[in-house]
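Visitor: In the UniProt record's numbering, the protein residues as written are 1 to 212. Dropping the structure in here first, questions after.
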């Protein structure tokens, strides 16, 4: 169980980490220092956002909550360009997204990566158990100041509610949120789900924030 889910989660109990702290993780001290240095050097807080959804992945179960999650986020945006068709004459790429490929990117103005797919913050390599190697850490190394990932697969309905709460908090007022607001937005979104399932941390504790 992750540190942020430690404690007594009985109804009305305050003896747990979640009620006393807003948690944020870092793959390593070096990665944390790197992210903070990039934030100091880059003051560009653009308003561009890319939302990519993938309902079906070859060899894996269909993610039935993806469309609902997408629609919930789009409803919060004042305007957007929707590209939901591809040219059949074009090339359909089916390569796996690998941590190594992501971490080699050098992104100058990337701020937030929200990875709600299953286990994006899980280290699945047994021989690298003492390392922090997963998609979430790869995106942070690539240049994203903040990354939200999952330690294990969440339920579809929970994914939708967490996404609605997270983006709903960030989109209140000015899109140019302060860096500490990102971890707080995730904390508040998880708190809303936790209120309904407080004694079931396996349903809400998989969502984690990595950031500077």
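Note that beta-carbon positions come from the ideal geometry of N, C-alpha and C, so glycine has one too.
If you follow the alpha helix (DSSP H) that residue 159 is in, where does it begin and where does it stop?
Guide: What you label residue 159 is simply residue 159 of the chain shown in a count that begins at 1. Residue 159 -> alpha helix (DSSP H) spans 156 to 170.
Visitor: Using the rule of at least 16 other Cβ atoms within 10 Å of the residue's Cβ for burial, across every protein chain shown, is residue 11 buried or exposed?
Guide: Here residue 11 refers to the residue found at position 11 when the chain shown is read from its first residue. So residue 11 ends up on the exposed side.
Visitor: Express the C-alpha separation of residue 5 and residue 15 in angstroms, rounding to a whole number.
Guide: Looking up residue 15 in the chain shown gives position 15. Looking up residue 5 in the chain shown gives position 5. The straight-line gap from Cα to Cα measures roughly 11 Å.
Visitor: Among 134, 110, 104 and 107, which has the Cα closest to the Cα of residue 118?
Guide: Here residue 118 is taken as the residue at index 118 of the chain shown, counted from 1. The option with the nearest alpha carbon to residue 118 is 134.
Visitor: Tell me the DSSP bridge mates of residue 147?
Guide: What you label residue 147 is simply residue 147 of the chain shown in a count that begins at 1. Paired residues: 113 and 210.
Visitor: Closest by CA to residue 154, which one among 52, 69, 139 and 18?
Guide: To locate residue 154, count along the chain shown from 1; it is residue 154. Out of 52, 69, 139 and 18, 69 has the C-alpha closest to the C-alpha of residue 154.
Visitor: Could you tell me which of 139, 114, 195 and 76 sits nearest to residue 107, measuring between CA atoms?
Guide: In the chain shown, counting from the first residue as 1, residue 107 sits at position 107. The option with the nearest alpha carbon to residue 107 is 139.
Visitor: Does the contact criterion of 3 or more C-beta pairs under 8 Å hold for the segment 101 to 115 versus the segment 194 to 203?
Guide: Not touching, per the Cβ criterion.
Visitor: Is residue 59 helix, strand or coil by DSSP?
Guide: Indexing the chain shown from 1 puts residue 59 at position 59. Residue state, collapsed to three classes: coil.
Visitor: Could you tell me which residues DSSP pairs with residue 16 in its beta bridges?
Guide: Here residue 16 corresponds to residue number 16 of the chain shown, with the count starting at 1. 7, per the DSSP bridge assignment.
Visitor: How about the segment 162 to 174 and the segment 59 to 73: do they share at least three Cβ pairs that are nearer than 8 Å?
Guide: Judged by Cβ distances under 8 Å, the segment 162 to 174 makes contact with the segment 59 to 73, as three or more pairs qualify.
Visitor: Candidates 49, 7 and 65: which alpha carbon is nearest residue 78's?
Guide: Sequence index remark: in the chain shown, residue 78 carries index 78 (1-based). Among 49, 7 and 65, the Cα nearest to that of residue 78 is on 49.
Visitor: State the beta-bridge partners of residue 34 as determined by DSSP.
Guide: Your numbering for residue 34 matches position 34 in the chain shown. Answer is none; residue 34 lacks a bridge partner.
Visitor: Just the C-alpha distance for residue 98 and residue 13, rounded to the nearest angstrom, thanks.
Guide: Taking the chain shown and counting its residues from 1, the one referred to as residue 98 is at position 98. Taking the chain shown and counting its residues from 1, the one referred to as residue 13 is at position 13. Distance between the alpha carbons of residue 98 and residue 13: 41 Å.
Visitor: Could you tell me whether the Cβ atoms of residue 179 and residue 39 are closer together than 8 Å?
Guide: Within the chain shown, the letter at position 179 stands for residue 179. Within the chain shown, the letter at position 39 stands for residue 39. In this structure, residue 39 lies closer than 8 Å to residue 179 by Cβ.
Visitor: Just to confirm my understanding: we take residue 123, look at its own chain, exclude 5 residues before and 5 after, and list those with CB closer than 6 Å. What are they?
Guide: Numbered from its first residue, the chain shown carries residue 123 at position 123. These residues qualify, in order along the chain: 133 and 134.
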